[in-house]
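Asker:
Residue numbers (our numbering): 274 to 374.
(1) Measuring CA to CA, which of 366, 343, 358 and 280 is closest to residue 318?
(2) With burial defined as no fewer than 16 other Cβ atoms inside 10 Å of the residue's Cβ, what is the status of residue 338: buried or exposed?
(3) Taking residue 373 as part of the alpha helix (DSSP H), name the residues at either end of that continuous run.
(4) Judging by CA-CA distance, which residue of 288, 347, 326 and 324 is the nearest neighbour of residue 310?
(5) What's the gap between the Cα of residue 325 and the Cα of residue 313?
(6) Return no unless some Cβ of chain D is closer than 8 Å to the Cβ of residue 311.
(7) Expressed to the nearest angstrom, what Euclidean distance is found between the alpha-carbon atoms of residue 302 and residue 336?
(8) Buried or exposed: residue 371, going by 16 or more other Cβ atoms within 10 Å of its Cβ?
Here it is in structure tokens:
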């Protein structure tokens with residue numbers, strides 16, 4: 274199941290949950306209120322969990338660590354005699370390529 278499909282299902286559960294809470298409150302049925310509320314909570318927890326797992330961007334701390342390792346590699350190549358401009362151009366080209374795929 275895709276995240277988009279889960280979001281759609283959860284949105285439907287939320288809308289129905291609000292209506293169910295109102296109707297069951299008017300009818301004065303505590304069991305129905307509790308059941309509808311718990312179903313809505315399960316949908317919310319499912320949506321939060323799926324969204325957290327499917328997060329595609331890396332955490333900022335990992336990006337900084339990767340950037341530091343990359344810069345250390347660039348500095349090693351420059352220290353070994355590679356032209357700095359060529360090395361940095363190569364890194365920029367690789368980053369552009371990585372963003373498009």
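For every residue, glycine included, the Cβ atom is placed at its ideal position computed from N, Cα and C.
Answerer: Considering the structure as presented:
(1) Selected option, being the one with the closest Cα: 280.
(2) With fewer than 16 other Cβ atoms within 10 Å, it is exposed.
(3) Where residue 373 is concerned, the enclosing alpha helix (DSSP H) stretches over 357-373.
(4) Comparing Cα positions, the closest option is 288.
(5) Going by C-alpha positions, residue 325 is about 18 Å away from residue 313.
(6) Looking for chain D here will not work: only one protein chain is present.
(7) For residue 302 and residue 336, the distance between alpha carbons rounds to 52 Å.
(8) With fewer than 16 Cβ atoms within 10 Å of its Cβ, residue 371 is classed as exposed.
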